[in-house]
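K.L.:
One structure is given below, represented as structure tokens, and several questions about it will come after.
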Amino acid sequence: MRDDDYYRSKAEERRYRRERSRKKYIVANVLIAVIILAVVVGAVILVVSLVNNNKPTADPTTAAVVATEQTQQATQVPVTAAPVPTKSPASQPAQNDDNDNDDQQQQQTEAPKQDVTTTTSSGTATSEGSILHYYATGKTTEGYNWDYSGGGGVVSINCIYDFSKEQYDFTIQGAYPGTASFTLIYWVGDNQTVEVPMTVSVGNDLSVTQIG
10 MRDDDYYRSK AEERRYRRER SRKKYIVANV LIAVIILAVV VGAVILVVSL VNNNKPTADP
70 TTAAVVATEQ TQQATQVPVT AAPVPTKSPA SQPAQNDDND NDDQQQQQTE APKQDVTTTT
130 SSGTATSEGS ILHYYATGKT TEGYNWDYSG GGGVVSINCI YDFSKEQYDF TIQGAYPGTA
190 SFTLIYWVGD NQTVEVPMTV SVGNDLSVTQ IG
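For the sequence shown, the residue numbers in our numbering are 10 to 221.
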């Protein structure tokens with residue numbers, strides 16, 4: 010063998026050994042990285058599992074859950090609930106204005122503190138469409154005053170006072186089919202009222218008819 014062939018062979022052998030050592034180093038590093046990654050993933054899974062196991066379970070009898078259920082029950086409207094009768098809120102009556110004789114929607118006032126006498130009504134009841142009107146005259150020093158009792162949710166009762174005629178106009182409207190008894194009350198003086206007992210029938214179309 011010639012010298013140049015001998016040295017060439019030695020150089021190739023050294024190069025082969027270096028390449029093999031580098032491959033072993035790379036494989037070893039890859040294995041170490043895989044092992045480290047597996048350990049980290051396992052630790053994360055363990056921590057998540059411990060956190061989930063330590064979470065408190067919602068107790069349906071706790072105050073928060075009970076409060077939520079009570080709120081939901083309070084907001085539910087019964088399907089068979091009957092409508093509530095409407096009634097004008099209390100307010101002080103207005104003085105008669107010489108420049109304003111239009112009909113004005115009236116709101117009832119508190120009853121006078123002194124003794125009040127009651128007389129018989131001389132008013133009239135008239136049906137206009139599905140609404141029953143009851144007209145009566147009277148006034149007080151301050152203008153007017155009215156009230157009513159009963160109705161049972163079957164009718165809605167309001168009153169308009171006409172200053173130019175000194176006339177009360179009670180409007181009885183149907184709110185729910187059935188029969189209702191009630192008493193209209195209006196003042197014809199500061200200490201004198203008139204009570205009008207009345208019984209009506211409300212049809213399925215909510216039209217009102219006086220029957221008593």
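Here a beta-carbon is modelled for each residue, glycine too, at the ideal position from N, C-alpha and C.
Just so it is clear, the structure is predicted and the values come from calculations on it, not from any experiment.
On the criterion of 16 or more Cβ atoms from any shown chain inside 10 Å, does Tyr195 qualify as buried, or is it exposed?
P.N.:
Tyr195 comes out buried.
K.L.:
Mapping the DSSP letters down to three states, classify Gly51 as helix, strand or coil.
P.N.:
It is helical.
K.L.:
Within 8 Å of any Cβ in chain B, is that where the Cβ of Ala20 sits?
P.N.:
The structure shown contains no chain B; it is built from a single protein chain.
K.L.:
CB Val217 to CB Gln176, shorter than 8 Å?
P.N.:
No, they are not a contact pair.
K.L.:
Secondary structure at Ser165, three-state DSSP: helix, strand or coil?
P.N.:
It is a strand residue.
K.L.:
Taking the alpha-carbon positions, what's the Thr126 to Trp155 distance?
P.N.:
Cα-Cα distance, rounded: 14 Å.
K.L.:
So what does DSSP say about Pro94, is it helix, strand or coil?
P.N.:
Interpretation of Pro94 is limited by its pLDDT of 37, a score under 50 that renders its predicted location unreliable; the figure taken from the coordinates is listed afterwards. In this structure, Pro94 counts as coil in the three-state DSSP scheme.
K.L.:
Do you know offhand how far Met140's Cα is from Thr180's?
P.N.:
With the sequence shown as reference, residue 140 is identified as Ile, and Met is not the correct amino acid for it. Cα to Cα, the separation comes out at about 7 Å.
K.L.:
Are the CB atoms of Val209 and Pro186 within a distance shorter than 8 Å?
P.N.:
Against a cut-off of 8 Å, the Cβ pair of Val209 and Pro186 comes out as no contact.
K.L.:
Give every residue of the same chain whose Cβ lies closer than 6 Å to the Cβ of Pro206, excluding the five residues on either side of it in the sequence, and list them in chain order.
P.N.:
Result list for Pro206: Thr192, in chain order.
K.L.:
Which value, in whole angstroms, describes the spacing of the CA atoms of Ala189 and Gly162?
P.N.:
C-alpha separation (whole angstroms): 8 Å.
K.L.:
Sort Thr149, Tyr143, Glu151, Gly160 by Cα distance to Ile169 and report the nearest one.
P.N.:
Cα-wise, what sits closest to Ile169 is Tyr143.
K.L.:
Using CA atoms only, rank isn't needed, just tell me which of Asn167, Gly152, Arg26 is closest to Ser158.
P.N.:
Comparing Cα positions, the closest option is Asn167.
K.L.:
Since Gly198 and Thr149 are thought to touch, with beta carbons under 8 Å apart, how far apart are those beta carbons, to the nearest angstrom?
P.N.:
Gly198 to Thr149, Cβ: 6 Å. Contact.
K.L.:
Could you check the C-alpha separation between Ala47 and Leu59 for me, to the nearest Å?
P.N.:
The alpha-carbon atoms of Ala47 and Leu59 are separated by roughly 18 Å.
K.L.:
If Ala145 sits next to Gly132, beta carbons under 8 Å apart, how far is it from one beta carbon to the other, in whole angstroms?
P.N.:
Yes, they are in contact, since the Cβ atoms of Ala145 and Gly132 sit about 3 Å apart, within 8 Å.
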